[in-house]
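Just so we're aligned, residue 6 is where the sequence shown starts under the working numbering, counting upward by one. Step one of this worksheet: look at the structure below.
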Amino acid sequence: GFGLDFGLFKGATVRTESLETLVAGGIAFATPDGERMGNPARPQQTFPLFDKFEDEWLTWAPKIPLGK
């Protein structure tokens, strides 16, 4: 995703994913570690989108088993 914050007294802050993601119009997903990961997603399941990320999300690095 892409974000731009601008304040008259604090200047501008730009947030972007990779250039490839930005050009493709993509979004980023964050998957929590451990039990907070929850169950596999169901078909047609929806997910909330957020304007800003939480710093904690950047520390998540779960091992997600892929189906065989």
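Positions of the beta carbon are idealized from the N, C-alpha and C atoms, including for glycine.
Suppose contacts are defined by Cβ-Cβ distances below 8 Å. Is residue i in contact with residue j by that definition?
{"i": "D38", "j": "P70", "result": "no"}
On a Cα-Cα basis, can you pick out the residue from the options that is closest to residue i?
{"i": "T64", "options": "N44, G16, F34", "result": "F34"}
{"i": "E61", "options": "A17, R41, D10", "result": "R41"}
What three-state label does DSSP hand residue i in the structure shown?
{"i": "D10", "result": "strand"}
Please report how far the alpha carbon of residue i lies from the alpha carbon of residue j, in whole angstroms.
{"i": "F14", "j": "T36", "result": "35 Å"}
{"i": "Q50", "j": "G16", "result": "39 Å"}
{"i": "G43", "j": "K57", "result": "22 Å"}
{"i": "F52", "j": "A46", "result": "10 Å"}
Measuring only between beta-carbons, confirm whether residue i sits less than 8 Å from chain B.
{"i": "I69", "result": "Looking for chain B here will not work: only one protein chain is present."}
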